[in-house]
Amino acid sequence: MLSMLVLALACCHPNPHQRPSMRTVLQVLTGEVPPPLVPTERPAFMWPAMPPSFNEDAENFSSGSQLSYNKSSPPLPTISRDKRTIEIRHFTFIQCGLDFVDLKKIEILDLATNELHGKIPASIGELCNLKFFDISFYNLVGSLPGSLEGIENCLSRSPLPSLDYLGLSSNQLYGKLPNWLGQYENLVHLDLASNLFNGTLPDSLGQLSELVNFDVSSNKLIGILTESHFSKLTKQKSLHLGPNSFTLNVNSNWVPPFQLQDLYMGNCYLGTSIPAWL
């Protein structure tokens, strides 16, 4: 394992055209390209306050490492030795572009609580082994890319066939939620909260039989929710639907297939009386 005192990946270059993209950052972190240890000009990103042994230790960096800050700093990136896990949190990549290096084996990609800007890149659809993808508390804009449907990229009938955790909360994503979200048949956790999504909730989400946690709270969603929206959610434990402008329209004798531990339906219309299953 390799330890460093400080790793700063702020995009500090005064020329915005020379600031690194997320592709460059990930290439450095995974050893695809060496870190800029002895730049001839001011680097676009750098590792200040490096210990004397850093140059020697950095030769082994490409194998992947568990890195650590001092106690007063946020945790540093975690990269597994087989390059199947990348975790980067609490970093500032101001005005950096977001793109993903070609990491066919990547299984866990945790980029939550950073300060990157941009859109979800189309290249996300090429990460066919991805199981965990969290890009919450970002500054992402735009709609969900069609490449997340990704059937042509992966040898499977469903997009990103291994994906069981998708966290996109607290961004500025907008547009309608696509029907193909219901094709993520292995999803256990789906968090789309605190964005700008509008339109109706696709009833295809009711086909996600493995889903345990589902959160679309604090968006601009509208429409009628029927039994079909919940038809196969037998494992559902946490369901956050409000504040949105949903209307629940189910049979008075309807018994949901789940037993919830956590339900939030603020600002949703439940009818003239509280449903019996509540």
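Here the sequence shown stands for residues 1 to 278, numbered as in the UniProt record's numbering. Glycine included, every Cβ here is placed at the ideal spot set by N, Cα and C. Computed from a predicted model, the values in this text were never measured in an experiment.
| query | result |
| --- | --- |
| Is the beta carbon of residue 84 within less than 8 Å of some heavy atom of the ligand FAD? | The ligand FAD is absent from the structure shown, which contains no ligand whatsoever. |
| What residues match up with residue 141 in a beta bridge as DSSP calls it? | 172 |
| Can you give the Cα-Cα distance for residue 121 and residue 263, rounded to whole angstroms? | 32 Å |
| Could you tell me which residues DSSP pairs with residue 224 in its beta bridges? | 247 |
| State the CB to CB distance for the pair residue 240 and residue 255, rounded to an integer number of angstroms; the pair is presumed to be in contact (CB under 8 Å). | Not quite, the Cβ-Cβ distance comes to about 21 Å (not below 8 Å), so this is no contact. |
| Would you mind working out which of 242, 229, 258 sits nearest residue 285, comparing C-alpha positions? | With the chain represented from 1 up to 278, any question about residue 285 goes unanswered, as that position is not in the structure. |
| With a threshold of 16 other CB atoms inside 10 Å of the CB of residue 193, please say whether the residue is buried or exposed. | buried |
| If we count the other Cβ atoms within 10 Å of its Cβ and call it buried at 16 or more, is residue 245 buried or exposed? | exposed |
| Return yes when the Cβ of residue 211 is within less than 9 Å of the Cβ of residue 191, no when it is not. | no |
| Let me check understanding here. Comparing Cα to Cα, which of 177, 278, 170 lies closest to residue 113? | 170 |
| According to DSSP, residue 133 sits in a beta bridge with which residue or residues? | 109, 166 |
| DSSP three-state label for residue 181, please. | helix |
| Going straight from the alpha carbon of residue 68 to that of residue 110, what length do you get? | Because the pLDDT of residue 68 is 30, which lies under 50, any placement of that residue in the model is unreliable, and the number read from its coordinates should be weighed accordingly. Taking the straight line from one Cα to the other gives about 16 Å. |
| Since residue 233 and residue 201 should fall inside the 8 Å C-beta cutoff, what is the C-beta to C-beta distance between them, to a whole number of angstroms? | Going by Cβ atoms, the distance from residue 233 to residue 201 rounds to 12 Å, so no, they are not a contact pair. |
| With burial defined as no fewer than 16 other Cβ atoms inside 10 Å of the residue's Cβ, what is the status of residue 266: buried or exposed? | exposed |
| Output yes or no for whether 9 Å exceeds the beta carbon distance between residue 236 and residue 214. | yes |
| Could you name the residues that DSSP lists as bridge partners for residue 197? | 175 |
| Is it the case that the Cβ atoms of residue 161 and residue 154 are separated by a distance below 9 Å? | yes |
| Under 8 Å by Cβ, that's how I've got residue 225 and residue 248 pegged, so tell me the actual separation to the nearest angstrom. | 5 Å |
| Taking 8 Å as the limit between beta carbons, can you name the residues of its chain near residue 129, skipping five residues before and five after? | 84, 104, 105, 106, 107, 162 |
| For residue 223, I'd like the list of residues in its chain whose CB is within less than 7 Å of its CB, leaving aside the five on either flank, ordered along the chain. | 200, 201, 246 |
| Which residue's Cα is closest to the Cα of residue 272: 252, 259, 261? | 252 |
| Could you tell me if residue 124 is buried or exposed, where buried requires 16 or more neighbouring beta carbons within 10 angstroms of its beta carbon? | buried |
| Just to confirm the assignment, what range does the beta strand (DSSP E) spanning residue 258 have? | Unbroken run through residue 258: none, as it is neither H nor E. |
| Can you tell me whether DSSP reads residue 239 as helix, strand or coil? | strand |
| Work out the CA separation of residue 204 and residue 270 for me, nearest whole Å. | 21 Å |
| How big is the Cα-Cα spacing for residue 136 and residue 219? | 15 Å |
| Considering only DSSP beta bridges, list what residue 117 is partnered with. | 139 |
| What residues match up with residue 230 in a beta bridge as DSSP calls it? | Its beta-bridge partners do not exist; DSSP assigns none. |
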